[in-house]
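**Student:** Below: one structure in structure tokens.
Number of protein chains: 2
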Amino acid sequence: MTVVQHGARLPVYRQIADRLRAAIEAGAIPPGDRLPSEAALVAEYDVSRGTARRVHRYLASLGLVEVEPGRGAYVVERQP
Amino acid sequence: MTVVQHGARLPVYRQIADRLRAAIEAGAIPPGDRLPSEAALVAEYDVSRGTARRVHRYLASLGLVEVEPGRGAYVVERQP
DNA sequence: CGAAATTTGTTCGTATGTATC
DNA sequence: TGATACATACGAACAAATTTC
């Protein structure tokens, strides 16, 4: 894992979310595409599911993604 | 249910897995035989499917069983 | 052959307990 | 005290693979 553990300036969920946000804004994850699932984030970053959920929740609070129960977190269409 | 609930020293999925492991090692469930399905574990121990899945996954991590999609969890042939 | 049933795979929603900072 | 983070455990819904009828 590359993210800095608990106690760092930024919480782990923010570090991961910032990465995804950068990828979204760079177009690497285009609108309509699905973000890594909670389970995928758990596996990729070796974090708990709670932290993975927070990543999605935080990005949703920014209006960048929409989380759909049973389906996943999708990048929303950007405002022109 | 006979297993001890959440908060106990051993998690529920471990308690159930340990029972099955003992049965496997005792030869009660011979190699090639199928373990109780997730649904069967749910019914027998009154646990959630997630916990039942964990039982299979844990035994698989021990190399005792192989889980095959659509088929079930099977006891592997033992090393001589 | 095809439909139904069975079984595992995946996804998110929610709650609880513990530990740490 | 509160936020963070871990692990466990419940549930719901749908998908995919396989078996059974």
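The listed protein sequences derive, respectively, from chains A and B.
All letters in the first sequence, in the order written, are residues 0 to 79 by numbering that gives the first Met the number 0.
All letters in the second sequence, in the order written, are residues 0 to 79 by numbering that gives the first Met the number 0.
Glycine included, each C-beta is placed from N, C-alpha and C at the ideal position.
1) Helix, strand or coil for residue 33(A)? Go by DSSP, reduced to three states.
2) Just to confirm, are residue 64(B) and residue 74(B) a CB contact at a threshold of 7 angstroms?
3) Ignore the nearest five residues each way along the sequence and tell me which others in residue 17(B)'s own chain have a CB closer than 6 angstroms to its CB.
4) Helix, strand or coil for residue 66(B)? Go by DSSP, reduced to three states.
5) Let's see if you can read the secondary structure: which residues bound the alpha helix (DSSP H) around residue 11(B)?
6) If you reduce the DSSP assignment to three classes, tell me which class residue 27(A) lands in.
7) Do residue 51(B) and residue 37(B) have their C-beta atoms within less than 7 angstroms of each other?
8) Helix, strand or coil for residue 74(A), going by three-state DSSP, please let me know.
9) Within the continuous alpha helix (DSSP H) that includes residue 54(A), where are the two ends?
**Tutor:** On the basis of the coordinates in this document:
1) If DSSP states are grouped into helix, strand and coil, residue 33(A) belongs with the strands.
2) Yes.
3) The beta carbon of residue 17(B) sits closer than 6 angstroms to no other beta carbon from its chain once the five residues preceding and following it are set aside.
4) Residue state for residue 66(B) is assigned as strand, using DSSP reduced to three classes.
5) Its alpha helix (DSSP H) spans residues 11 to 24.
6) The three-state secondary structure of residue 27(A), taken from DSSP, is coil.
7) Taking 7 angstroms as the cut-off, the beta carbon of residue 51(B) is found closer than this to the beta carbon of residue 37(B).
8) Residue 74(A) sits in a strand when the DSSP states are folded into three classes.
9) Where residue 54(A) is concerned, the enclosing alpha helix (DSSP H) starts and stops at 48 to 60.
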